[in-house]
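Undergrad: Quick one: the structure is below, questions incoming.
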Amino acid sequence: MKTKINVLVISFIVLAVSISCNNTKKEVIQKPTTVGASQGAMANEAKLKSSLVCFVNNKFMGIDQIPVEVEGKTYYGCCPDCVGKIKNLREVRYAFDPHTGKEVDKALAYIVLSPNGNNDILYFESELSYKEHFKL
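Below is the structure:
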């Protein structure tokens with residue numbers, strides 16, 4: 160009997176540890192079309208609303224995320240762990256523009272879905288950089 164309880168407790172702990180903000184399922188309100196899938200895609204259709212993106216996981220989540228104010232700018236995270244990372248780690252608040260290679264503040268970025276899928280996103284310094292990157 161004691162062995163069964165130990166197995167049950169260990170199973171519960173393993174399950175709890177394996178659940179993280181990365182694999183939390185959330186209902187997607189609206190999934191925009193994939194960037195670059197069609198050369199005819201318009202930039203205003205591709206740009207994502209910042210509040211629908213987890214800036215830590217760099218994923219389109221489809222629902223409003225938790226706003227985090229840092230130095231007068233708003234960043235978004237999907238869970239309390241992400242909120243803590245946004246507050247404490249500068250590298251979480253910045254990305255590199257895939258076209259120019261310049262560092263981009265995620266709170267100010269032009270955000271689009273990556274053509275790689277999996278709800279991954281890309282941060283551009285401007286709409287022009289985005290359009291040049293995908294030759295739109």
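Position 124 of the sequence shown, counted from 1, bears residue number 283 in the working numbering, the numbering being contiguous throughout. Ideal Cβ placement from N, Cα and C applies to all residues, glycine included.
(1) When you compare the CB positions of V263 and V242, do they come within less than 8 Å of one another, or not?
(2) Using the Cα positions of G276 and S288, report the straight-line distance between them to the nearest angstrom.
(3) Using DSSP's beta-bridge definition, name the partner residues of Y282.
(4) Based on Cα-Cα distance, which residue from L248, L295, N278, Y253 lies nearest to A268?
(5) Taking the straight line between their C-alpha atoms, what separation do you get for G260 and K290?
(6) Can you say whether E250 is buried or exposed, counting buried as having 16 or more other CB atoms within 10 angstroms of its CB?
(7) Quick check on C238: does DSSP put it in helix, strand or coil?
(8) At what residues does the beta strand (DSSP E) containing E230 begin and finish?
(9) What does the alpha-carbon distance come out to for the pair P239 and Y282?
(10) Quick check: the Cα distance between K218 and V271, rounded to an integer number of angstroms?
(11) What first and last residue would you give for the beta strand (DSSP E) that runs through E262?
(12) According to DSSP, A254 sits in a beta bridge with which residue or residues?
(13) Is Y234 near I222, with beta carbons less than 8 Å apart?
TA: Let me lay it out:
(1) no
(2) 20 Å
(3) I270
(4) Y253
(5) 15 Å
(6) exposed
(7) coil
(8) Counting along the chain, E230 falls outside any beta strand (DSSP E), and DSSP gives it neither H nor E.
(9) 23 Å
(10) 10 Å
(11) 262 to 264
(12) V263
(13) no
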